[in-house]
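Using the numbering used here, you'd call the opening residue of the sequence shown number 18 and step up by one each time.
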Amino acid sequence: MKIAVLISGRGSNLQALIDAASQAEAGPRWPAGIVLGISNVAGAQGLQRAEAAGIPTTVINHKDFEDRETFDAAMTAAIEAAADGNGAELVCLAGFMRLLSTPFIDHWRDRLINIHPSLLPAYKGLDVHQRVLDAGEDFSGCSVHFVRPEMDTGPIILQAKVPVQPGDDADALAARVLEQEHVIYPEAVRLIADGRVSVDGELAQIDGKGKN
18 MKIAVLISGR
28 GSNLQALIDA
38 ASQAEAGPRW
48 PAGIVLGISN
58 VAGAQGLQRA
68 EAAGIPTTVI
78 NHKDFEDRET
88 FDAAMTAAIE
98 AAADGNGAEL
108 VCLAGFMRLL
118 STPFIDHWRD
128 RLINIHPSLL
138 PAYKGLDVHQ
148 RVLDAGEDFS
158 GCSVHFVRPE
168 MDTGPIILQA
178 KVPVQPGDDA
188 DALAARVLEQ
198 EHVIYPEAVR
208 LIADGRVSVD
218 GELAQIDGKG
228 KN
């Protein structure tokens, strides 16, 4: 399966996907290939990660567009032109810090996934780790989900639970959650690329097992 990855920053989850592809021969089959990396930030570290792996990249600066819809349309055009015009079949958000328009999300419905650093539906939005600590939670985690127009919603594909340790600050908890993000994001892509994920209404099914 051909995938495009959208980033805004350091691209650590992009790197996890790159590593999964490069290690496929030595471990479990990872039936996907990254055909394009897109960033809205010219100096994003993730672009360097992609280029080092030989992945084509492009910068589409949101500031060059008059509104969200025209920016998103430019991204769709780039994604569909990838792989010598064959286009990507799945779009992965990996630290892409722009809200997407409804037309973009609808165009890529059930072909657009995101990873969020909480156990959704809890703790949508930003500053997740500090909010988890402030609430005195025993656990946090991360979720891979199909994207819907409402922020951080959509059918959940995979989740990983992470314990909150005594003395944690937001950075320590974030680092522990990020380790699990790097595990479940490539696994979610593998399941999708293997045809093992379907969407029934707002429920993701993995081989017939619901993940709501």
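C-beta: ideal position from N, C-alpha, C; glycine also. Given the structure is predicted, the values throughout are model-derived calculations rather than measurements.
Requested in this report: Measure the C-alpha to C-alpha separation of Ala33 and Tyr202 and round it to an integer number of angstroms.
Outcome: Sequence index remark: in the sequence shown, residue 33 carries index 16 (1-based). Sequence index remark: in the sequence shown, residue 202 carries index 185 (1-based). Cα-Cα distance, rounded: 8 angstroms.
Query raised in the report: Which partner residues of Ala177 appear in the DSSP bridge assignment?
Result: Along the sequence shown, one-based indexing puts residue 177 at 160. Answer is Cys159, bridged to Ala177.
Report task. Using DSSP bridges, identify the partner residues of Gly54. Result -> Taking the first residue of the sequence shown as 1, we reach residue 54 at position 37. According to DSSP, Gly54 bridges with Val22 and Thr74.
Report task. Give the C-beta separation of Ala111 and Gly28 to the nearest angstrom, bearing in mind that I take them to be a contact with Cβ-Cβ under 8 angstroms. Result -> Reading the sequence shown from its first residue, position 94 is the one you call residue 111. Reading the sequence shown from its first residue, position 11 is the one you call residue 28. Yes, Ala111 and Gly28 are in contact; Cβ-Cβ is about 6 angstroms, under 8 angstroms.
**Report entry** Beta-carbon proximity list for Asn229, same chain, < 7 angstroms, skipping 5 on both sides
**Finding:** Position 212 of the sequence shown, counting from 1, holds the residue named residue 229. Note that Asn229 has pLDDT 47, beneath the 50 cutoff, so the model's placement of it is unreliable and no number is given.
Query raised in the report: Taking DSSP as the reference, what is the three-state secondary structure of Gln147?
Result: On the sequence shown, residue 147 is found 130 positions in, with the first residue counted as 1. The answer is helix: DSSP assigns Gln147 an H, G or I state.
Query raised in the report: Got a sec? Which residues, its chain only, sit under 6 angstroms from Ala43 by beta carbon, not counting five neighbours each side?
Result: Walking along the sequence shown from the start, residue 43 turns up at place 26. In this prediction, Ala43 scores a pLDDT of 47, lower than 50, which makes its location untrustworthy; no coordinate-derived value is stated.
Query raised in the report: If we call anything under 8 angstroms between Cβ atoms a contact, is Ala205 one with Ile122?
Result: Numbered from its first residue, the sequence shown carries residue 205 at position 188. Numbered from its first residue, the sequence shown carries residue 122 at position 105. No, the Cβ-Cβ distance between Ala205 and Ile122 is not below 8 angstroms.
Query raised in the report: Closest to Leu107 by CA distance: which of Gly212, Asp217, Ile20 and Val216 is it?
Result: Start at 1 with the first residue of the sequence shown, and residue 107 comes out as number 90. Of the listed residues, the one whose Cα sits closest to Leu107 is Ile20.
Query raised in the report: What are the boundary residues of the beta strand (DSSP E) that His133 is part of?
Result: In the sequence shown, the residue the question calls residue 133 occupies position 116. Where His133 is concerned, the enclosing beta strand (DSSP E) stretches over Leu129 to His133.
**Report entry** Element boundaries [alpha helix (DSSP H), containing Ala98]
**Finding:** Your numbering for residue 98 matches position 81 in the sequence shown. Here the alpha helix (DSSP H) through Ala98 covers Arg85 to Ala98.
Requested in this report: Classify Asp169 as buried or exposed, calling it buried when 16 or more other Cβ atoms lie within 10 Å of its own Cβ.
Outcome: As a working mapping, residue 169 is identified with position 152 in the sequence shown. Classification for Asp169: buried.
Report task. With DSSP collapsed to three states, give me the class of Ala43. Result -> As a working note, residue 43 is residue 26 in the sequence shown. Low confidence applies to Ala43: its pLDDT is 47, below 50, so where it sits in the model is not reliable, and the reading given next is rough at best. Correct three-state label for Ala43: coil.
**Report entry** Cα-Cα separation, Ala210 to His162
**Finding:** As a first step, residue 210 is located in the sequence shown; it is residue number 193 there, counting from the start. As a first step, residue 162 is located in the sequence shown; it is residue number 145 there, counting from the start. Cα-Cα distance, rounded: 15 angstroms.
Requested in this report: Enumerate in chain order the residues of its own chain whose CB-to-CB distance from His199 is below 6 angstroms, with the five nearest sequence positions on each side excluded.
Outcome: For this step, residue 199 is matched to residue 182 along the sequence shown. Taken in chain order, the residues that qualify are Ala33.
Query raised in the report: What is the DSSP secondary structure of Gln222, counted as helix, strand or coil?
Result: The residue given as residue 222 occupies position 205 in the sequence shown. In this structure, Gln222 counts as strand in the three-state DSSP scheme.
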